[in-house]
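**Student:**
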Amino acid sequence: MKNPKIIIIGLIVLLLIGLGAFFYMQKTASPSNSDKAMQEKPSNTADSEDSTISGNLYDLMGTGDNMTCTFSSEKDGTSMQGVVYVTGKNSRSDITATNTKGEVLENHAIIKDGWMYMWSSDREEGMKLSVKDKMENQDTAITENEEAAASVNGAALMDELNYDCSKWRVDNSKLDVPTNVTFVDLSEQLNDLQNKMQSACDMCNTQSDAEAIAQCKKALNCQ
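Using full-length UniProt numbering, you'd call the opening residue of the sequence shown number 1 and step up by one each time.
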């Protein structure tokens, strides 16, 4: 049986990635002078609405446009192909990954009406999380979640990719949450975990001196 701590950490990382995407979508679209700003290159056909967008998935969602984009990449022997649908604050991502053994895993994520749903082809259960109450201090959340996502080796969501995009005549069926997947609501579990982490941080204050308190809080990544 897998170590429960490893499972919990994996779930948190996956949720942080998804939350980062959700928070990014709420930002007001405006020109950025950031070094990682998205670059959009129109196609050669003057009347075409197709374009190539260089950036990561968060950049893509930050455009506020209705569009569908495809991408492909290869890293550490694993090839990935994906399609992303974006409309307003809602999105869907379908990613197919193939490893060196030829094993294929399909991953899906939908952000819709303040909820995030995630599932994959190798499991009968998926995960869902309410993000309706996560809007306060969203800029801080974006930074923290992007850093967490970037720390995951091979996290395609944070890779700089070339997306081939086109305007999307919205098909709401793409945002339908599958009825044949049982989604486990992790909102309460995550809140409990956050409370336990806060309690652990509070315990640091019982250490004997200021240096010990600082080391304890640093080890637990307390704010």
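No residue lacks a Cβ here, since even glycine has one placed at the ideal position from N, Cα and C. Remember, it's a predicted structure, so these values are computed and weren't measured experimentally.
Could you check how far apart the C-beta atoms of Phe71 and Gly82 are, in whole angstroms? I think they sit under 8 angstroms.
**Tutor:** Yes, Phe71 and Gly82 are in contact; Cβ-Cβ is about 5 angstroms, under 8 angstroms.
**Student:** Apart from the five residues on each side of it in sequence, which residues of its chain come closer than 8 angstroms, Cβ to Cβ, to Gly154?
**Tutor:** Only weak support exists for where Gly154 lies, its pLDDT of 33 falling under 50; the value from the coordinates is given anyway. Excluding residues within five positions, the ones whose Cβ falls inside 8 angstroms are Lys75, Asp76 and Thr78.
**Student:** Measuring CB to CB, does Cys165 end up less than 8 angstroms from Asp50?
**Tutor:** Going by C-beta atoms, Cys165 is nearer than 8 angstroms to Asp50.
**Student:** How far does the beta strand (DSSP E) with Lys89 in it extend, from its first residue to its last?
**Tutor:** From DSSP, Lys89 is part of no beta strand (DSSP E); its letter is neither H nor E.
**Student:** Just to confirm the assignment, what range does the alpha helix (DSSP H) spanning Cys216 have?
**Tutor:** Start and end: Ala210 to Ala219.
**Student:** Put Cys222 into one of helix, strand or coil per three-state DSSP.
**Tutor:** Coil, per DSSP.
**Student:** Evaluate contact between the stretch 119-126 and the stretch 169-183, counting only Cβ atoms and requiring at least three cross-stretch pairs below 8 angstroms.
**Tutor:** In short, these stretches touch, since the Cβ pair count reaches three.
**Student:** Just list the residues that DSSP pairs Ala109 with in beta bridges.
**Tutor:** Partner(s): Ser93 and Met118.
**Student:** Among residues of its own chain, excluding the 5 on either side of residue 230, which ones have a beta-carbon nearer than 6 angstroms to its beta-carbon?
**Tutor:** The displayed coordinates of the chain run from 1 to 223. Any statement about residue 230 would go beyond what the structure contains.
**Student:** Confirm, please, whether the CB-CB distance from Lys167 to Asn66 is below 8 angstroms.
**Tutor:** Cβ atoms of Asn66 and Lys167: closer than 8 angstroms.
**Student:** Going by DSSP, what residue range makes up the beta strand (DSSP E) through residue 238?
**Tutor:** The requested residue 238 is not part of the displayed model; the chain covers only 1 to 223.
**Student:** Straight-line CA distance for Tyr117 to Gln189?
**Tutor:** Taking the straight line from one Cα to the other gives about 15 angstroms.
**Student:** Measuring alpha carbon to alpha carbon, tell me which of Asp59, Gly55 and Gly88 ends up nearest Ser73.
**Tutor:** Nearest of Asp59, Gly55 and Gly88 to Ser73, Cα basis: Gly55.
**Student:** Can you name, in chain order, every residue of its own chain whose Cβ lies under 7 angstroms from the Cβ of Ile213, other than the five neighbours on each side?
**Tutor:** Cβ within range, chain order: Cys204, Asn205 and Gln207.
**Student:** Report the option in Ala200, Gln215, Lys218 and Asp176 whose CA atom is closest to the CA atom of Asp113.
**Tutor:** Closest option to Asp113, Cα to Cα, is Asp176.
**Student:** Count the other CB atoms within 10 Å of the CB of Gly88; is the residue buried (16 or more) or exposed (fewer)?
**Tutor:** With fewer than 16 other Cβ atoms within 10 Å, it is exposed.
**Student:** What span of residues does the beta strand (DSSP E) with Thr70 cover, start to end?
**Tutor:** Start and end: Met67 to Lys75.
**Student:** For a quick check, are the C-beta atoms of Trp119 and His108 less than 8 angstroms apart?
**Tutor:** Yes. Within cutoff.
**Student:** Go through its chain and collect everything with a Cβ distance to Asn162's Cβ below 6 angstroms, but skip five positions before and after it.
**Tutor:** Counting only Cβ-Cβ distances below 6 angstroms, and skipping sequence neighbours, we find Thr52 and Ser54.
**Student:** Could you compute how far the alpha carbon of Arg169 sits from the alpha carbon of Asn99?
**Tutor:** Spanning the two alpha carbons is a distance of roughly 33 angstroms.
**Student:** Suppose contacts are defined by Cβ-Cβ distances below 8 angstroms. Is Lys174 in contact with Tyr85 by that definition?
**Tutor:** A contact, by the Cβ cut-off of 8 angstroms.
**Student:** May I have the straight-line CA-CA distance separating Glu211 from Cys69, to the nearest angstrom?
**Tutor:** Distance between the alpha carbons of Glu211 and Cys69: 51 angstroms.
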